[in-house]
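Note that our numbering has the sequence shown beginning at 9, numbered continuously upward.
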Amino acid sequence: MREPRLERCVRLRAWEPAGPGAVALELDVGVASLAVARDGSVRLRAAAAPALPPDPAEAIGRLPWRPSPAEPFAREGGGFVLAFEGAEGEVRVEVEEAPFGLHVLDRAGAPLARLEALELGEDGAARAILAEEPGRRFFGFGEKAGRLDKRGSLLRMRNRDANVTLERDPLYVSIPFFMAFGPDSRAPRACGVLLDAFAPSRFDVARSDPGRVRLETSAGGLDLGIFPGPLPRDVLRRMSARVGRTPLPPLWALGHHQSRWSYRSAEEVRALAREIRRRGIPTDAIHLDIDHMDGYRVFTWDRRRFPDPKQLLAELAQQGFRVVTIVDPGLKVDPGYEVFADARHRDVLMRNSDGSLCTLRVWPGRAALPDFNRPEVRSWWGEQHRPLLDAGVAGIWNDMNEPAGWTSDLRIGRLMLPTRSQDLSRAVQADPARPERRVPHEHVRNLYGQQESRATREFLESARPERRAFVLSRSGFAGVQRYAALWTGDSRSRWSHLRLSIPMLLNLSLSGVAFCGADIGGFALSCTPELYARWIQIGALYPFARTHSMFLKRRQEPWRFGPRVEAIARAALELRMRLLPYLYALFREAELSGAPVWRPLFFEFPNDPASADVEDQVMLGPALLVAPVLERGARERELYLPPGTWLDLHDDSRHVGPKRLRVPAPLERLPLFARGGSVIPTRSPVRHAGETPAEPLVLEVFPGGDSEAELYEDDGESLAYRAGESASTTLRLWTRAGGRLRLELGAREGRHPVPPRPARVVVHGAPPPRSVLLDARPLAEGSATPGYVAAEGRVTIAFEDDGRARAIEIEPAP
Ligand code: MIG
C-alpha cells in the first residue's frame, strides 16, 4: 500500500438531516454522512469529493440498513448530536464542529468509540484515528496469526497466498473488523469497529501510539461501522446484522472431512472409503483436490483416473460419504477447453487496462480469471458447476481465490516453483456498485474470493433448492460467512502451527466466521504421530473439522500413525459425533444471533479480567471448556478455569474457579471441562452424520448452577427449517445446594416430526440419591424404562421422549 496523500478534516462546515436517522455533513475536506440504525449501530461514510461515491453495500452482500427514527439536534458551541434509544439498542453520537470529531457513547455516557481525527485524500484514500484507553484489548481482524489480543500490532489487509508461512501478515482473508474490549472489569464494555473497505487497508493497533488506533484504506473512501456492546455477543449480533451470518450448515458438513492433495484416482478413493469404514473412523466427506481434473481444467474430470464419477459418487453415497471437489478460479487458456472458450466468447474474464486478457500462471499453466464483481459473471460461473452436481458432488471447495498465481514457474512432475511472483497491477475489474465501470483490480482485490464463493453458493441454492449448500473458501472479506466456511490455508505440520490455530480461529470466530477450521495434522511437511494425535484431539472440535495434507509427505489418514494414534483419532472424532446435537444447536444460534461456535474465554466470562488473557483455551459454546495440549512431549497441561463450578469430563471431579490448575494429559487425553449448571445434548456416536444413532438423545447434566439451553433438531439437509420444519426443546436446569436438582424439558415446538425415542439423562458428579422423580412420580431403581441407576458418581435416568414436557427431580440422600 503506497502512502496516500491525505488532508485532515479540521472543520464541520454544515450539516442537515438526510432522512430517518441520518445526517449529511459538509466538511472542509469533503463530504460525509452519519447514520444510526435501529439496533444502535452507527455508520459514517466520508470522501474527499463533492458527493459520496455510490454505496456498494448492497452489491457486496450487506444486509439492508435499518434506519432509526433519530433526529439530530444542535449542540451548544457547534456540532450536533444524533441519539437513539429503542428496543433493539441505543447509542448517542456527539459530533464536534472544530476540530471535527465524533464521540460514540452508550446511554449511560460510557464511551464506546471516539473518532479523534479524519483524514481524506484523492483516489478515495482515508484515515480514521480512534482515541483509545490504556488497557483496552483488540480482537478479531479476521484471519491473523500471532497473539489473540492484537494491541501493539500493525496489520495489513490484502488477500494473499501465504504459501506455508502463516506467521506472516497479511494472509488469505481480510476482515477489517475488530472488537475493542475492556478495560473496566466491573462493567464489561465491548464495541465493534468495521472499516468496510475492500481496497487494501491497514490497522495500526495502538502500535505507533499506545493511545490510538489508526485505520487506513487506500481507495473507496471511508465507510466506518461502529457496533455497540456492552457484551461481546451484543457486538457480534449487531455486526452480523450488517454483514450477514453463517447459515446453518447441512448436518453432514459438521462431520469429519478427509482430504489430501490428492486422492488421485477412483480406485484410491474407493480404497480410502473402505478403509475409513473398516476402521470405524467417523467421517462424512471426502475431498478431491486438483488431481481429479483433466490437466487442472476446472469442472472437468481426468477420465483415465476417474472414468465414471457418477458411479463412484453413488457408491460412496451408499457408504454415507459426500464428496467435495476443489474449484479454482483460474481457467486454463486453451481454446479447446470448453469452459474457457465460452468464457472468452461471453467476455466474462478480467482484462488489463489496455483491453488485453489478464492472465496468470496457476496449476493449469496460463490461466484467465473471471470477474466475479459482475452479476452476470457470477451466474455464468455458477452454471459451470452443473456437471459436478450431476455427478453427485455435494460441496465445493474454492482454493487459490485471493487470487493466487504467479508469472512464471519451473515444473518437475507435480512439483512447481514460482520463479516470478504475481503481477496483476494492470488488471481491471468491475466496480461492484457500478458494474459497467472498471476500477483497478487492486481496489477490489479483497472481494475476489468472496464473490467467487457467493456465485457458487447462489448457484448451489438455486440448482438444488431442497438442499443446504456447502462451500469452503480460502479467501474472503467481511461477511464471507454468508457464502462459505473458511479454512486457514497452508500450514506446516509443526507444533507452532498447531498452537497458532487456536487464537487464529478464535479471532476469525470473533470476526463473524463461525464455520472455520485449520487443516488437521498440518498441510506441508511430515506430521509425527504425537503431533497428529494432539492435532486431531483439538481439531475434532474445530467448528470445521478436516484432515488435509500435501503430497510429498507422510500420509495423513488417521490410521497412518500406528494403532495407538488411530485409536486416539477415532475417540476424538467419536466425541465430535457425540456432541453433534450440541454443535448443531450452536450453529443454529450462530445463524440467529451471530454468536460464534468457538469462543474465547472472555466471551463467556466478560466480567473476569483473567479470562481475557487466555489464548490457548477455547469455550465450545457456553458449556464446554477445552484446553488442548500444544507442546511436544507434554503429559500434563496447566490451565485456567474462570469463576464458577467446573467438572472434569474425564472423571467428573469438581473444581471451583477462578483457579489455575495442572491436569494430567497422557497422550490419550484432551483436557475438557463442563461448566457447572449446564445441560449438553448428545447422542451415541455414529460413523457419519446421516446414520441413525443407537441412542438418539442423551442429556449430559453437570450440576453446579442454573441454565437454559435449547435442543435444536431438523432434517439436517433441507431449508425447510426456515419455514418452521424444525423441532426445539427448551432444557432448563436448576441445581441447589446439597445435590437437589430439577431438569425440565419443555414441550417440543415446531413441525419437524421426531418419533418417540428412548432418552437418557446422565447427571454427573451425583451421589446415590434418596429419590428420583419423573413428572412428580418416583422412579424405581433398575434398568427398566422409566427408571434410574446410580453408579460411580452418576445418576442415569432412562425414559421415553415423546415430545411432551417432562420434569426430572433428584432428591439427595440426607
Ligand atoms: O498451490 O490444490 O491451500 O489446500 O491442497 C497449492 C492444492 C494449491 C493450496 C491449498 C491446499 C491445496 C493445494 N493448493
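Virtual Cβ for every residue (Gly too), placed ideally from N, Cα, C.
Being a predicted model, the structure only gives us computed values, none of them experimental.
If we count the other Cβ atoms within 10 Å of its Cβ and call it buried at 16 or more, is residue i buried or exposed?
i, result
"glycine 529", "buried"
"proline 411", "buried"
"histidine 556", "buried"
"aspartate 810", "exposed"
"asparagine 615", "exposed"
"glutamine 459", "buried"
"histidine 265", "buried"
"leucine 339", "buried"
"proline 764", "exposed"
"alanine 526", "buried"
"proline 58", "exposed"
"histidine 353", "exposed"
"aspartate 362", "exposed"
"lysine 318", "exposed"
"alanine 40", "buried"
"alanine 799", "exposed"
"arginine 778", "exposed"
"isoleucine 510", "buried"
"leucine 425", "exposed"
"glutamate 612", "buried"
"alanine 673", "buried"
Hey, would you say the C-beta of residue i is under 7 angstroms away from at least one heavy atom of the ligand MIG?
i, result
"aspartate 498", "yes"
"aspartate 407", "yes"
"methionine 512", "no"
"phenylalanine 531", "yes"
"isoleucine 420", "no"
"methionine 301", "no"
"methionine 585", "no"
"histidine 505", "no"
"histidine 556", "yes"
"proline 309", "Note on residue identity: the sequence assigns tryptophan, not proline, to residue 309. False, no ligand heavy atom lies under 7 angstroms from that Cβ."
"arginine 759", "no"
"tryptophan 269", "yes"
"arginine 482", "yes"
"serine 298", "What sits at residue 298 in the sequence shown is isoleucine, not serine. Yes; taking the cut-off as 7 angstroms, the Cβ of isoleucine 298 has a heavy atom of the ligand MIG nearer than that."
"isoleucine 334", "yes"
Which whole-angstrom value describes the C-beta separation of residue i and residue j, a residue pair presumed to lie in contact below a C-beta threshold of 8 angstroms?
i, j, result
"arginine 359", "leucine 365", "6 angstroms"
"valine 370", "methionine 408", "6 angstroms"
"glycine 520", "threonine 464", "Not confirmed; about 19 angstroms, so no contact."
"alanine 195", "proline 142", "Incorrect: roughly 17 angstroms between the Cβ atoms, too far for contact."
"alanine 153", "glutamate 127", "Incorrect: roughly 29 angstroms between the Cβ atoms, too far for contact."
"arginine 70", "glycine 457", "Contact doesn't hold; Cβ gap of about 17 angstroms is too wide."
"valine 201", "isoleucine 234", "6 angstroms"
"arginine 482", "asparagine 406", "7 angstroms"
"proline 666", "alanine 618", "6 angstroms"
"serine 416", "arginine 428", "5 angstroms"
"valine 671", "leucine 647", "7 angstroms"
"arginine 197", "tyrosine 180", "Going by Cβ atoms, the distance from arginine 197 to tyrosine 180 rounds to 32 angstroms, so no, they are not a contact pair."
"arginine 691", "glutamate 703", "6 angstroms"
"alanine 133", "alanine 227", "7 angstroms"
"alanine 54", "glycine 129", "Between glycine 129 and alanine 54 the Cβ distance is about 11 angstroms, and since that is not below 8 angstroms, they are no contact."
"alanine 139", "glutamate 124", "4 angstroms"
"glycine 484", "arginine 662", "Their Cβ separation, rounded to whole angstroms, is 42 angstroms, which puts glycine 484 and arginine 662 out of contact at 8 angstroms."
Could you name the residues that DSSP lists as bridge partners for residue i?
i, result
"lysine 667", "Leu649"
"glutamate 676", "DSSP, once it has assigned bridges, lists no residue as partnering glutamate 676."
"valine 331", "Ile294"
"asparagine 360", "Ala435"
"arginine 159", "DSSP output for arginine 159 lists no bridge partner at all."
"valine 44", "Val50"
"cysteine 199", "Ala188 and Pro236"
"cysteine 17", "Answer is none; cysteine 17 lacks a bridge partner."
"methionine 165", "Ser209"
"cysteine 524", "Leu494"
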